[in-house]
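Have a look at the structure below, then the notes.
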Amino acid sequence: MTDEEYQLMLKATWFYYMENYTQQQISSLMGVSRGKVIRLLDEARSEGIIRFLFRQSDQERMEIERDIVSEFGLHDAFVVPTPAHKSDLIDSIARAASMYVADHLRADGFLNIGYGDMTGRVLDNLATTRHSDINVTSLTGGVSYYLPKVSSEVFAMHLYLTPSPLILSSPSLRDALLLEPAIQDVYRMTSHADMTVVGIGSMDEEATIIRNGILSKTDFALLKMQGAVGDVLNHFIDKNGDPVDTDIEDRIISTSLDTLQGMRNVVGVAGGTEKIPAIHAVLKHGYLNVLVTDEVTARGLLEYAKPSVGTVVEYQSSN
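Numbering (this note's numbering), first residue to last: 1 to 319.
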């Protein structure tokens, strides 16, 4: 059993035995069938989890999820254990997010997905773990960023991609492309999707947008000077989650943040203490309904949200 599967089982068990929810209430809260809830509780019994004694670390993680939901007005949060090595962090969170999507997206459902390394790995995991067809619609240009690195023999992934680069050379060219029927068709599809998954970028030199050569370090430095703390769908935002006014904003092919805020079931997927200011800004502005992250990041996020916040906690783990 993976850590992510264990966390889902633990959440159902907590709600049933510690919060006194009915199986139907848990089904509605977690967005899964009642049969799935029953199976999770049965697995918990067979695994020896139900002894009316939660391990301290498990109880703390459940409390963190509840605090995150309460602090930012979310529908749900999924906090997974932080891996011992930071190099494993993205894969761990991506697996958790793919499992969350697989458990909450209807059969043959439509999934909007944003640009980024994290969301790309979510797609890779879905391609190997989901046992029914899935329709994926891109929220930005940049076709190559949306192609899973693995192929699936289990089910079909139908990709509906925006046929354009992510960033254009001029605003006029961007505006002209947005009038193309092929792009407008994809945009119309995104408004009807069942679920949306987006990554959250930081203003760190290891950011995907820098590593992929989409922006230069000079562009990045200028964005920092203008108050940017991170990006969502390549829209750079300030500490309050408001878009930073730059020429880049006028040249990108990307779903607007106003449109994102109006979508259903928006799941943000991000981890790492360097992303805490960006995650906080995204949550503060209300772009997300669900957050999938790791424990160290979640703790740092709650600390950062306090009025007397000073510095961001550093990533800590044991070998």
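Ideal placement from N, C-alpha and C gives every residue a C-beta, glycine not left out.
It should be emphasised that the depicted structure is a prediction, and the values quoted were computed from it without experimental measurement.
So, are the CB atoms of residue i and residue j less than 8 angstroms apart?
| i | j | result |
| --- | --- | --- |
| L302 | I68 | yes |
| S132 | I113 | no |
| T2 | L41 | no |
| T293 | I93 | yes |
| N240 | A176 | no |
| L74 | N212 | no |
| L215 | H235 | no |
| E295 | P83 | no |
| L123 | V143 | no |
| M344 | E4 | It is not possible to answer for residue 344, since the shown part of the chain is limited to 1 through 319. |
| I210 | G141 | no |
| R264 | I64 | no |
Between residue i and residue j, how many whole angstroms is the CB-CB distance? I'm expecting something under 8 angstroms.
| i | j | result |
| --- | --- | --- |
| L328 | M195 | In the structure as shown, the chain begins at 1 and stops at 319. Residue 328 is therefore absent and cannot be evaluated. |
| I183 | P165 | Wrong, their Cβ atoms sit about 12 angstroms apart, outside the cutoff. |
| H10 | D76 | Strictly speaking, residue 10 in this sequence is Leu, with His absent from that position. At roughly 14 angstroms, the Cβ-Cβ gap does not stay under 8 angstroms, so L10 and D76 are not in contact. |
| V32 | D108 | Not quite, the Cβ-Cβ distance comes to about 17 angstroms (not below 8 angstroms), so this is no contact. |
| A97 | V197 | 7 angstroms |
| T250 | R174 | For the sequence presented, residue 250 should be read as Asp rather than Thr. Indeed they touch by this definition, with Cβ atoms about 7 angstroms apart. |
Tell me the DSSP secondary structure of residue i in three-state form.
| i | result |
| --- | --- |
| A77 | strand |
| V296 | helix |
| S164 | coil |
| S33 | coil |
| H85 | coil |
| P243 | strand |
| N289 | coil |
| E19 | coil |
| V282 | helix |
| D133 | coil |
| R66 | helix |
| M99 | helix |
| V154 | Note on V154: pLDDT 45, under 50, position unreliable in the model; the coordinate value appears next. Coil. |
| V324 | Any question about residue 324 goes unanswered here, given that the chain covers just 1 to 319. |
| K306 | coil |
| T13 | helix |
| L301 | helix |
| L159 | strand |
Identify every residue that forms a DSSP beta bridge with residue i.
| i | result |
| --- | --- |
| S254 | T140 |
| L173 | DSSP lists no partner for L173. |
| G120 | BP columns for G120 are empty, so no partner. |
| I237 | G230, P243 |
| I113 | S138, V197 |
| V269 | G199, V292 |
| Does the stretch 222-241 touch the stretch 190-204, meaning 3 or more C-beta pairs lie closer than 8 angstroms? | yes
| said: Contact between the stretch 78-97 and the stretch 262-273 is defined here as three or more beta-carbon pairs at a separation below 8 angstroms; is this criterion met? | reply: Short answer: they touch.
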